[in-house]
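J.: With this note's numbering, the residue at position 13 of the sequence shown is 27, and numbering never jumps.
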Amino acid sequence: MQSIRFKVLLTAIESFIKNALNVQVKDELNSDYGGFRCPDHLVCEPWSAINTFATIAIIFLNPKSRYYHSSELLKSMKMALQFIKRSINDDGSMNVYFWGEIRTKSTLPFVLNTLMKSYRLLAKHNIDDGLINDLGTLIKRCIEVVKSCPIENSTQGLTIASALIDFDKLFFDRSASDKAISYLFDRVDINHDGMYGGKSLSISMLSNAMLLNIAKKLNRPYMIDYVRRNLNFVLHNFRQDGGFALDYMINAGMDYTKPLEYSVWKEMSIIDHNGYYATAGDMLVSSFINSMENGYINYRPNMPHVNNSFRDHSRFFLTSNIGEFLLVEDELNNEGVSRLSLPSNYVKTFIDSNIARFKNGKMNAILMTESENLFSLENGQAVISHFRIKYKYYGYHIFMPKKLEIAGGSYILRDWFYHNKDSENIVGISQANLIIQVEFVYKHDHFEVLVSATGEKGIAFLLEFGIKKIGTLSIDNKEHILGNADLIPMDGKEATIKVGSDIIKICGGIVQHKIYCDKSLWVRDIRNVNIVMTPITPFSNRFNIFWK
Numbered sequence: 015m016q017s018i019r020f021k022v023l024l025t026a027i028e029s030f031i032k033n034a035l036n037v038q039v040k041d042e043l044n045s046d047y048g049g050f051r052c053p054d055h056l057v058c059e060p061w062s063a064i065n066t067f068a069t070i071a072i073i074f075l076n077p078k079s080r081y082y083h084s085s086e087l088l089k090s091m092k093m094a095l096q097f098i099k100r101s102i103n104d105d106g107s108m109n110v111y112f113w114g115e116i117r118t119k120s121t122l123p124f125v126l127n128t129l130m131k132s133y134r135l136l137a138k139h140n141i142d143d144g145l146i147n148d149l150g151t152l153i154k155r156c157i158e159v160v161k162s163c164p165i166e167n168s169t170q171g172l173t174i175a176s177a178l179i180d181f182d183k184l185f186f187d188r189s190a191s192d193k194a195i196s197y198l199f200d201r202v203d204i205n206h207d208g209m210y211g212g213k214s215l216s217i218s219m220l221s222n223a224m225l226l227n228i229a230k231k232l233n234r235p236y237m238i239d240y241v242r243r244n245l246n247f248v249l250h251n252f253r254q255d256g257g258f259a260l261d262y263m264i265n266a267g268m269d270y271t272k273p274l275e276y277s278v279w280k281e282m283s284i285i286d287h288n289g290y291y292a293t294a295g296d297m298l299v300s301s302f303i304n305s306m307e308n309g310y311i312n313y314r315p316n317m318p319h320v321n322n323s324f325r326d327h328s329r330f331f332l333t334s335n336i337g338e339f340l341l342v343e344d345e346l347n348n349e350g351v352s353r354l355s356l357p358s359n360y361v362k363t364f365i366d367s368n369i370a371r372f373k374n375g376k377m378n379a380i381l382m383t384e385s386e387n388l389f390s391l392e393n394g395q396a397v398i399s400h401f402r403i404k405y406k407y408y409g410y411h412i413f414m415p416k417k418l419e420i421a422g423g424s425y426i427l428r429d430w431f432y433h434n435k436d437s438e439n440i441v442g443i444s445q446a447n448l449i450i451q452v453e454f455v456y457k458h459d460h461f462e463v464l465v466s467a468t469g470e471k472g473i474a475f476l477l478e479f480g481i482k483k484i485g486t487l488s489i490d491n492k493e494h495i496l497g498n499a500d501l502i503p504m505d506g507k508e509a510t511i512k513v514g515s516d517i518i519k520i521c522g523g524i525v526q527h528k529i530y531c532d533k534s535l536w537v538r539d540i541r542n543v544n545i546v547m548t549p550i551t552p553f554s555n556r557f558n559i560f561w562k
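This is the structure we're talking about:
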C-alpha cells in the first residue's frame with residue numbers, strides 16, 4: 015500500500031510543481047522576482063514561497079521523480095530563496111496576506127521549521143554550496159529574532175522550542191537548546207478529554223508534531239502522552255470520507271497542517287503499534303489527494319464537510335506544502351501495523367469539553383456549548399450545519415450555554431439570561447426573568463428536541479436551522495432547490511432535505527411572528543438556507559430530527 019500511495023503522492027506533487035513553475039515571477043526587474051503569484055489572489059505570498067521552496071527541494075532530491083536533479087528546479091529554488099530573503103524584514107517580520115497580518119513575527123517559528131527541513135535535505139545531499147550557505151544565513155538571522163519573540167500561547171512556545179532544538183542539531187549551537195528548554199512548561203494546555211486550549215485542529219496537530227519532536231530530541235517520552243491523549247480525542251471526529259466533524263472548533267478555517275497531521279498519525283502508529291492511528295493517517299492522506307484537482311487542492315461544493323472559509327483562501331497556499339507528504343512517506347514506514355476500522359456507531363461525551371458526539375454509520379452529529387452553534391448533523395451529504403437560538407430582548411442575543419448536563423438519556427442545555435439595562439440613572443447588568451432550556455434525546459434513528467422558554471412574556475424567538483446549500487428541500491408540498499433558497503419558515507410541517515439518497519427530516523415547528531426577512535442581520539447567512547421556527551414566550555416546542 016505504501017508504494018501505491020507514494021506513486022499517487024508523487025504524481026500529485028509533480029502536478030503542483032508544474033503549476034508553481036508557471037506562476038513563478040521570472041522578471042528580474044519585478045519587485046516580486048522569485049515569488050509565486052497566487053492565481054486566485056494575484057499576490058506573491060512569502061509563506062507560500064517558503065512552503066513551495068521546501069516542496070521543490072523534496073522533489074528535486076527524489077530519484078523517482080521526473081524532476082530529479084532538474085536544472086530548472088535548481089534555478090527555481092535559487093530565485094525563490096532570493097524572494098524569501100527580501101520578504102523577511104530585518105526585524106524578522108513578514109507579510110502573511112492570507113491571515114491578514116502585515117509585518118508580523120508570529121509566523122516566523124512555523125516557517126523556520128519548514129526552512130530547516132529544506133536545509134537538512136539540501137545539506138545532506140551537498141546540493142549547491144551557494145544555495146545552502148544562503149539558506150543557512152537566513153535561518154541564523156531568523157533564529158536570533160525568534161530567541162527574543164514573546165510567547166503568545168502554548169503552541170507558539172512549543173514551536174519555538176522545537177525550532178531552536180533543530181537549529182542546535184543542524185548548526186551545533188548548544189545555547190539554542192538551552193533557550194528551548196526555557197520555553198517548555200511543566201504542563202501543556204490540554205484538558206482531560208484531550209482537547210488543546212486553542213480548540214483548533216490545525217493548532218492541535220501542530221502542537222502534537224512539536225511535542226513529538228521535542229520528546230525525541232530531548233529524551234522526554236512523557237510528552238508523548240499529551241499527543242496520545244489528543245489523538246484519541248480526534249479519533250471520534252472522523253467522518254467516513256476522511257474529513258473531520260469540527261463544528262466545535264475555532265480557527266478551523268485555514269487547514270495548513272495536513273502533512274504535519276499525517277506525520278503525527280503515522281509516527282504514533284509506529285510508536286504505539288496502533289491500528290486506529292494508522293487508519294486515520296491513511297484516511298487523511300486519501301482525503302487530501304481526493305481533493306486535488308489540476309495540481310491544486312480544490313474544495314468543491316459537493317464536499318459538505320469542508321468549512322466554507324476554506325474556499326476564501328488561496329488554493330496555491332493550501333497546496334504549497336504538499337511535498338512534505340512525500341517526506342513523511344519516505345522516512346516513516348508503518349506497513350507492519352495492522353489497520354483497524356474506526357468506530358462507526360457510538361455515543362461519546364467529553365465532560366471537560368462540554369461536547370457530545372453521535373455517530374451512526376453515515377450520520378455524524380455533535381452537541382456543544384460555549385458556541386452560538388448548539389448542534390449540527392450530517393447524513394452523508396445532507397447537512398444541518400447548525401442549530402441556533404436567537405431572541406430580541408433589549409437588543410439581539412444568541413443563546414450560548416456554558417455547560418452540557420446529562421440526565422438519563424437526555425442532554426440538556428440551559429442558562430439564565432442577562433441584559434444591559436441602560437437608563438438615565440442606571441447603567442449595569444440586570445438579571446432577566448427568562449430561562450431557556452433545550453433538551454436532546456438520542457434515539458436509534460432520530461433526535462427528539464424540546465425547547466422551552468419561560469418567565470418574561472412576549473419575547474420574540476428564532477429557532478434557526480442552517481442547511482447546506484446542496485440538494486433539495488421539500489416542505490408543505492413544495493420543493494425548493496437549496497442552492498437558490500435563503501429563508502423558509504416552518505410551521506408544524508415536515509421538512510425533508512435530500513441530496514441523492516441522503517435524507518434528513520425535521521418534523522414539527524411553529525411560526526408566531528415574522529420579525530425578520532432574508533436580508534435581516536438577525537438571519538442573514540449567505541452560505542446556508544435557514545429554516546426557521548418563530549415562537550413567542552412563554553413556549554414549549556417539541557420537534558424531531560430524523561436521518562433514516
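Cβ atoms here follow ideal geometry from the backbone N, Cα and C, with glycine treated the same way.
Note that this is a predicted model, so its numbers are computed, not measured.
Can you list, in chain order, the residues of its chain whose CB lies under 7 angstroms from that of residue 32, leaving out five sequence neighbours each side?
T.: Counting from 1 along the sequence shown, the entry for residue 32 is found at position 18. Once the five neighbours on either side are set aside, the close Cβ partners of residue 32 are 309.
J.: For residue 235, is the classification buried or exposed, using 16 other Cβ atoms within 10 angstroms of its Cβ as the cut-off for buried?
T.: Position 221 of the sequence shown, counted from the first residue, corresponds to residue 235. Classification of residue 235: exposed, given that the 10 Å Cβ count is below 16.
J.: In or out: residue 82 buried (at least 16 other Cβ within 10 Å) or exposed?
T.: Along the sequence shown, one-based indexing puts residue 82 at 68. The residue in question, residue 82, is exposed, as its Cβ has fewer than 16 Cβ neighbours within 10 Å.
J.: Quickly, what does DSSP pair residue 286 with across the bridge? List them, please.
T.: Position 272 of the sequence shown, counted from the first residue, corresponds to residue 286. According to DSSP, which records beta bridges pairwise, residue 286 is partnered with nothing at all.
J.: Who does residue 513 pair with in a DSSP beta bridge?
T.: By 1-based counting over the sequence shown, the position of residue 513 is 499. Note: residue 513 sits in a beta bridge opposite 516.
J.: Assign residue 25 to buried or exposed, taking buried as 16 or more other Cβ atoms, counted over all protein chains shown, within 10 Å of its Cβ.
T.: Here residue 25 is taken as the residue at index 11 of the sequence shown, counted from 1. Residue 25 is exposed by the Cβ-count criterion.
J.: Give the DSSP bridge partners of residue 429, in chain order.
T.: Start at 1 with the first residue of the sequence shown, and residue 429 comes out as number 415. In the DSSP output, where bridge partners are listed per residue, residue 429 has 450.
J.: How many Å lie between residue 13 and residue 122 at the Cα?
T.: Only positions 15 to 562 of the chain appear in the structure, and residue 13 is not among them; the question remains open.
J.: Could you give the DSSP three-state label for residue 398: helix, strand or coil?
T.: On the sequence shown, position 384 is the one that residue 398 refers to. In the structure shown, residue 398 sits in a strand (DSSP, three-state: E or B).
J.: Would you list, in sequence order, the uninterrupted beta strand (DSSP E) runs of no fewer than 3 residues that lie entirely inside the segment 92 to 155?
T.: Counting only runs of 3 or more, we get 108 to 110, 115 to 118.
J.: For residue 542, report the span of its beta strand (DSSP E) as first-last.
T.: For the purposes of this step, residue 542 is taken as residue 528 along the sequence shown, with counting starting at 1. Segment 542 to 547, the beta strand (DSSP E) holding residue 542.
J.: In this structure, how does DSSP classify residue 559 when only helix, strand and coil are distinguished?
T.: Locating residue 559 in the sequence shown gives position 545, where the first residue counts as 1. The answer is strand: DSSP assigns residue 559 an E or B state.
J.: Note down, in chain order, each residue of its chain lying with its Cβ closer than 6 angstroms to the Cβ of residue 478, except the 5 sequence neighbours on either side.
T.: As a position in the sequence shown, residue 478 is number 464, starting the count at 1. Around residue 478: 402, 544, 546.
J.: Check this for me: beta carbons of residue 514 and residue 557, under 8 angstroms apart or not?
T.: What you label residue 514 is simply residue 500 of the sequence shown in a count that begins at 1. What you label residue 557 is simply residue 543 of the sequence shown in a count that begins at 1. Going by C-beta atoms, residue 514 is not nearer than 8 angstroms to residue 557.
J.: Go to residue 337, then tell me how far its alpha helix (DSSP H) extends in each direction, as first and last residue.
T.: For the purposes of this step, residue 337 is taken as residue 323 along the sequence shown, with counting starting at 1. Counting along the chain, the alpha helix (DSSP H) containing residue 337 begins and ends at 337 to 345.
J.: Excluding the 5 residues flanking residue 455 on each side, which residues of the same chain have their C-beta closer than 6 angstroms to its C-beta?
T.: If you number the sequence shown from 1, residue 455 lands on position 441. 423, 424, 462.
J.: Looking at the C-beta of residue 390, does it have a partner C-beta in chain D at a distance below 8 angstroms?
T.: Absence of chain D from the displayed structure is noted, only one protein chain being present.
J.: Hey, out of 552, 35, 153, 116, whose CA is closest to residue 126's CA?
T.: Here residue 126 is taken as the residue at index 112 of the sequence shown, counted from 1. Nearest C-alpha to residue 126: 153.
J.: Under 6 angstroms Cβ to Cβ from residue 516, same chain only, skipping five residues before and after it: list those, please.
T.: Translated into the one-based positions of the sequence shown, residue 516 becomes position 502. Only 393, 394, 395, 396 meet the Cβ criterion.
J.: Nearest to residue 495 by alpha carbon, out of 220, 349, 484?
T.: Counting from one through the sequence shown, the residue named residue 495 turns up at place 481. When 220, 349, 484 are compared, the shortest CA-CA separation from residue 495 is found for 484.
J.: Pull up the DSSP beta-bridge partners for residue 503, would you.
T.: By 1-based counting over the sequence shown, the position of residue 503 is 489. DSSP output for residue 503 lists 546 as bridge partner(s).
J.: Can you tell me the Cβ-Cβ gap for residue 561 and residue 377, rounded? I've got them flagged as a contact below 8 angstroms.
T.: Here residue 561 refers to the residue found at position 547 when the sequence shown is read from its first residue. Here residue 377 refers to the residue found at position 363 when the sequence shown is read from its first residue. Sure, about 5 angstroms apart at Cβ, within 8 angstroms.
J.: Taking Cβ positions, are residue 179 and residue 232 nearer each other than 8 angstroms?
T.: For this step, residue 179 is matched to residue 165 along the sequence shown. For this step, residue 232 is matched to residue 218 along the sequence shown. Contact: yes.
J.: With a threshold of 16 other CB atoms inside 10 Å of the CB of residue 361, please say whether the residue is buried or exposed.
T.: Numbered from 1 along the sequence shown, position 347 holds the residue referred to as residue 361. With fewer than 16 other Cβ atoms inside 10 Å of its own Cβ, residue 361 counts as exposed.
J.: Buried or exposed: where does residue 194 fall if 16 or more other Cβ atoms within 10 Å of its Cβ makes it buried?
T.: Counting from one through the sequence shown, the residue named residue 194 turns up at place 180. Per the 10 Å Cβ criterion, buried.
J.: Please identify the residue among 115, 155, 111, 118 whose C-alpha is closest to the C-alpha of residue 130.
T.: The sequence position of residue 130 within the sequence shown is 116, counting from 1. Nearest option by C-alpha distance: 155.
J.: Taking the alpha-carbon positions, what's the residue 350 to residue 506 distance?
T.: Within the sequence shown, the letter at position 336 stands for residue 350. Within the sequence shown, the letter at position 492 stands for residue 506. Each residue's Cα considered, the two are about 56 angstroms apart.
J.: Taking 8 angstroms as the cut-off, decide whether the C-beta atoms of residue 274 and residue 220 are in contact.
T.: Within the sequence shown, numbered from 1, the residue matching residue 274 stands at position 260. Within the sequence shown, numbered from 1, the residue matching residue 220 stands at position 206. Yes, the pair counts as a contact, with Cβ atoms nearer than the cut-off.
J.: Specify the secondary structure class of residue 250 as computed by DSSP and reduced to three states.
T.: For the purposes of this step, residue 250 is taken as residue 236 along the sequence shown, with counting starting at 1. Looking at residue 250 - three-state DSSP - the assignment turns out to be helix.
J.: DSSP state of residue 552, grouped into three classes?
T.: Counting from one through the sequence shown, the residue named residue 552 turns up at place 538. Of the three classes helix, strand and coil, the one that applies to residue 552 here is coil, per DSSP.
J.: Pull up the CB-CB distance for residue 64 and residue 98, whole angstroms please, since I reckon it's below 8 angstroms.
T.: Reading the sequence shown from its first residue, position 50 is the one you call residue 64. Reading the sequence shown from its first residue, position 84 is the one you call residue 98. Yes, they are in contact, since the Cβ atoms of residue 64 and residue 98 sit about 6 angstroms apart, within 8 angstroms.
J.: Buried or exposed: where does residue 291 fall if 16 or more other Cβ atoms within 10 Å of its Cβ makes it buried?
T.: Translated into the one-based positions of the sequence shown, residue 291 becomes position 277. Residue 291 should be labelled buried.
J.: Under a three-way DSSP split, which group does residue 324 fall into?
T.: Indexing the sequence shown from 1 puts residue 324 at position 310. Its pLDDT being 47, under 50, residue 324 is placed unreliably by the model, and the measurement read from it follows with that caveat. Of the three classes helix, strand and coil, the one that applies to residue 324 here is helix, per DSSP.
J.: Relative to the C-alpha of residue 553, which residue among 448, 357, 344, 420 is closest?
T.: Walking along the sequence shown from the start, residue 553 turns up at place 539. Comparing C-alpha distances from residue 553 to each of 448, 357, 344, 420 shows the shortest one belongs to 448.
J.: Using only alpha-carbon positions, find the residue among 141, 100, 128, 252 that is nearest to residue 84.
T.: What you label residue 84 is simply residue 70 of the sequence shown in a count that begins at 1. Comparing Cα-Cα distances from residue 84 to each of 141, 100, 128, 252, the minimum goes to 141.
J.: Where does residue 185 sit, in a helix, a strand or coil, going by DSSP?
T.: Looking up residue 185 in the sequence shown gives position 171. Looking at residue 185 - three-state DSSP - the assignment turns out to be helix.
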